[in-house]
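> Numbers -23 to -1, 1 to 436, taken from mature numbering (1 follows the signal peptide of the UniProt record, and there is no 0), label the letters of the sequence shown in order. By construction, the Cβ of each residue, glycine as well, lies at the ideal position given by its N, Cα and C atoms. Please read these numbers as outputs of a predicted model, since none were measured by experiment.
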Amino acid sequence: MLSQFYCLFLLLPIYFFVDMTWAEEGDCRRLNRADIEGRLSTKTPYRAIANYDETPPKYAGCHPTRIWSIIRHGTRNPSESVILQAQNRLSEIKKRILDQPKPPICNAELKKLRQWHWMHLNATEDEKLLVAEGEDELIELAERMQRRFPNLLPELYNPEWYYFKYTATQRTLKSAESFATGLFGRHRIHTVRYPPPLHEDPVLRFYKGCGKWKTDVDKNPETLVNARRFLAEPQMQSAVQHVRSSTRLPDLQPEDVQLMYTVCAFETAWHRPRRNSGSMPDSSYESVWCNFFDVAALEALEFFEDLEYYWNDGYGYELTHRIACPAIADMFAAISSSEEKRPRRANATLYFTHSGTLLKLLAHLGLARDRKPLTHKHFASERLWRTSQIDAFATNLAFLRYDCDKEKPQVLVLHQERVVRLPGCPQDKDLCPLATLRRLYAKSVDHCDREEMCRVKAN
Ligand SMILES: *[C@@H]1O[C@H](CO)[C@@H](O)[C@H](O)[C@H]1NC(C)=O
Ligand SMILES: *[C@@H]1O[C@H](CO)[C@@H](O)[C@H](O)[C@H]1NC(C)=O
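1) Just tell me which of Q64, L107 and G111 has its CA closest to the CA of W93.
2) N65: beta carbon under 6 Å from a heavy atom of ligand 2?
3) According to the neighbour-count rule (16 or more other Cβ atoms, all chains shown, within 10 Å of its Cβ), is E154 buried or exposed?
4) Do R322 and A311 have their C-beta atoms closer together than 7 Å?
5) With H, G and I counted as helix, E and B as strand and the rest as coil, what does DSSP make of Q92?
6) Helix, strand or coil, according to DSSP, for W362 in the structure here?
7) Hey, would you say the C-beta of N289 is under 6 Å away from at least one heavy atom of ligand 1?
8) Using the three-state DSSP reduction, which class does C425 fall into: helix, strand or coil?
9) Among all the DSSP beta bridges, which residues are the ones paired with D380?
10) Quick check: what's the CA-CA separation for G291 versus D76?
11) Could you please give the first and the last residue of the uninterrupted beta strand (DSSP E) stretch that includes V388?
12) For A100 and L67, which I take to be in contact (beta-carbon distance under 8 Å), what is that distance rounded to the nearest angstrom?
13) Quick check on Y140: does DSSP put it in helix, strand or coil?
14) How big is the Cα-Cα spacing for P403 and V388?
15) Which of the three DSSP states is assigned to V108 in this structure?
16) Pull up the distance between the alpha-carbon of T245 and that of A419, whole angstroms please.
17) Would the beta-carbon of N128 be found less than 6 Å away from any heavy atom of ligand 1?
18) Since C425 and A340 are thought to touch, with beta carbons under 8 Å apart, how far apart are those beta carbons, to the nearest angstrom?
19) Under the rule that 16 or more other beta-carbon atoms within 10 Å means buried, what is E177, buried or exposed?
20) Determine the contact status of C431 and G111, defining contact as a CB-CB distance below 7 Å.
21) To the nearest angstrom, how far is it from the Cα of residue 493 to the Cα of T146?
22) List the endpoints of the continuous alpha helix (DSSP H) containing T149.
23) N135: beta carbon under 6 Å from a heavy atom of ligand 1?
24) Grab me the residues of C409's own chain with a C-beta within less than 6 Å of its C-beta, minus the 5 sequence neighbours each way, in chain order.
25) Distance, Cα to Cα, R427 vs V433?
26) Taking 7 Å as the limit between beta carbons, can you name the residues of its chain near E429, skipping five residues before and five after?
27) Confirm the yes/no value for this check: CB of residue 437, any heavy atom of ligand 1, distance under 6 Å.
28) Just to confirm my understanding: we take G159, look at its own chain, exclude 5 residues before and 5 after, and list those with CB closer than 6 Å. What are they?
29) Tell me the residue span of the beta strand (DSSP E) that contains F329.
30) Out of curiosity, what's the CA-to-CA distance linking L335 and N84?
31) Pull up the distance between the alpha-carbon of C39 and that of E384, whole angstroms please.
32) By Cβ distance below 7 Å, which residues in the same chain neighbour P386 in space, the five residues on each side in sequence not counted?
33) Can you tell me where the beta strand (DSSP E) with R165 in it begins and where it stops?
34) Is T224 near I74, with beta carbons less than 7 Å apart?
35) With a threshold of 16 other CB atoms inside 10 Å of the CB of Q230, please say whether the residue is buried or exposed.
36) Within the continuous alpha helix (DSSP H) that includes R206, where are the two ends?
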C-alpha cells in the first residue's frame, strides 16, 4: 500500500511535465521552412529556387561564345519605411501579444518574441544594404554558372573578356563584387574594372527616367486597384482572420498583417537553415513572425504582391514592358557583334540591377505570361506570374550565343539558371536561331525611341 502510494507520488510530476511539454509543442504551430521560403514574393531568398544542377548544357556541334546576363541584387535590408514600421508598429504588436495573461504561443516562441527587436538597424543608414546572405547568393550563382560554362567564364579576369556594370547603389555594387568573387576568388577582385555607375542607367534601369511610365503607371492610383480589391476578397479576409486569432489581437488591420509578412520574409531570407552541433535543425534563426501564419494565409499575402507587381512592373500596362527595349537592344549588340566590329564587345557582359528591371524584361520577352490579365478574382486559378518564382532576390536572365559547325549562330536563354524557350522560337528544342530571335524583336531593337515613348504630353 505504501509502496503503491509512493509510486504514484513519484510518477505524477513526470506525467505532468510530459503533458505540459506536449501542450506547448502543439501550440508552436511551426510551419516547415520550405512552406515559408518559397512564398515570400520578391523577398524570396534565391536558395528557394536556385538550380543546383551544374551539368553544362550540351548541343552537338555548337559551343557558347558569348554571354549577356542581367541579375537582380541579392538579399538586402528592408527600406527605411519598413524598418521604421517594424521598430514602431510591430514593437507595439509584440508588446500587446506579450501583455496578454496567457500569450497564445509556446515557451520557445515566447522567449524569441521577448527578445525580438530591430533596433540594430538604422533606418537611414542601413536601408536596402546587401546582407551577408545576399553576397553568398551571388558568389554561389557565379560558381555554378562558371562550372556550366567554364570556357566562357574563365577564372582569370581580363577586361577585354569581361564587362561588369552595376547601378549607383550599394546593393548592386556589392552584388557585382560578390559575383566576381565567385568567378575569380576573393583576392583577385580588386582588379575588376567598372564603368562609372549611374542612378538612371538607360540600359540597367531604363524605367527610372521615363516620365510617361511614372505618371501613367508608377504613380497612377489605378495601377493598384486589383491589389486593393483583393483585400476585400474572402481569401485575404481569412488570412487576416487567421492572424487575428493566432495573435489573439482581434483589431489587427490588413496593413499590420502585411507588415508581419514582410518582416517574416526578410528574417527568413537573411538566415539560411542551420543545424546545431547535435545536427538537429536550429530554429533560433527562424523568424518568430512567420509563426502567426498558415500556408493559406502566406499564399494570400503572396498573391497580393503578385497583383501589385503584375500591374506596376509586369504585363499590366503595355508601356511598362515596351520601355525594356534598350536592354534587349544591348543584349543583341553584345551577342551579335563580330570580332572585327569596333568597339569590340566583351565575351561576357554582366549587369547587376533591380527587380523593376527584371520584371519588365520578363514581360517584354513574354515569359511567365498568363492567358488572361491577372485580377483580384484569380487567386484560385493556376498562374505563371508568381513573383516568388520569377523575381526572388538574385533573379537572373542570361542569353548565350552558340556558334555551330553546321548551323548559323543560335541562342540559349536561361531564367533562374534554367532553359526557357521564348515565344516565337522553336518549342521543340532549346536553341533558337539568332536570326529568328532578332526578327522577333525587330520592333524592340529598331524602334526603341525612348524620348518618344516616355514623353509626357502637356495638356
Ligand atoms: C569570344 O567572342 C568572339 C566573338 O567576338 C569569338 O570569336 C570567340 O570564339 C569567343 N571566345 C570564346 C572562347 O568563346
Ligand atoms: C542613424 O544614422 C543617422 C545618420 O548617421 C544618425 O544621425 C542617427 O542618429 C542614427 N539614428 C539612430 C536611431 O541611431
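Put simply:
1) In terms of CA proximity to W93, Q64 leads the group Q64, L107 and G111.
2) Every heavy atom of ligand 2 is 6 Å or more from the Cβ of N65, so no.
3) Buried: at least 16 other Cβ atoms inside 10 Å.
4) Yes, they are a contact pair.
5) Residue state, collapsed to three classes: helix.
6) Reduced to three states, the DSSP call for W362 is coil.
7) In this structure, N289 has its beta carbon at no less than 6 Å from each heavy atom of ligand 1.
8) If DSSP states are grouped into helix, strand and coil, C425 belongs with coil.
9) Answer is H40.
10) Roughly 43 Å separates the two Cα atoms.
11) Under the DSSP assignment, V388 falls in the beta strand (DSSP E) whose first and last residues are Q387 to H392.
12) Actually they do not touch by this definition, with Cβ atoms about 13 Å apart.
13) When secondary structure is reduced to three states using DSSP, Y140 falls in the strand class.
14) Whole-angstrom Cα-Cα distance: 11 Å.
15) Here DSSP, grouped into helix, strand and coil, assigns V108 to coil.
16) Linking T245 to A419 through their CA atoms gives a straight-line distance of about 42 Å.
17) Checking every heavy atom of ligand 1 against the Cβ of N128, one is found closer than 6 Å.
18) Between C425 and A340 a beta carbon distance of about 16 Å is seen, past the 8 Å cut, so the two are scored as non-contacting.
19) Taking a 10 Å sphere around the C-beta of E177, we find fewer than 16 other C-beta atoms and assign the residue as exposed.
20) No, the pair does not count as a contact, with Cβ atoms beyond the cut-off.
21) Nothing about residue 493 can be read from this structure; the chain reaches only from -23 to 436.
22) Counting along the chain, the unbroken alpha helix (DSSP H) around T149 starts and ends at Q147 to F161.
23) Because no heavy atom of ligand 1 lies under 6 Å away, the Cβ of N135 does not count as near it: no.
24) Taken in chain order, the residues that qualify are V388 and C402.
25) R427 and V433: Cα-Cα distance of roughly 12 Å.
26) Correct list: empty, nothing qualifies.
27) Shown here, the chain extends from -23 to 436; a query on residue 437 therefore has no answer.
28) Answer for G159: I116, A119 and E120, listed in chain order.
29) A325 to T330 is the extent of the beta strand (DSSP E) around F329.
30) Cα atoms of L335 and N84: separation of roughly 43 Å, rounded to the nearest angstrom.
31) Rounded to whole angstroms, C39 to E384 spans 8 Å at the Cα level.
32) Result list for P386: R378, Y379, D380 and L411, in chain order.
33) Per DSSP, R165 is not a residue of any beta strand (DSSP E), being assigned neither H nor E.
34) Yes. Within cutoff.
35) The Cβ neighbour count for Q230, taken over all protein chains shown within 10 Å, is under 16; the residue is labelled exposed.
36) For R206, the enclosing alpha helix (DSSP H) covers residues V202 to F207.
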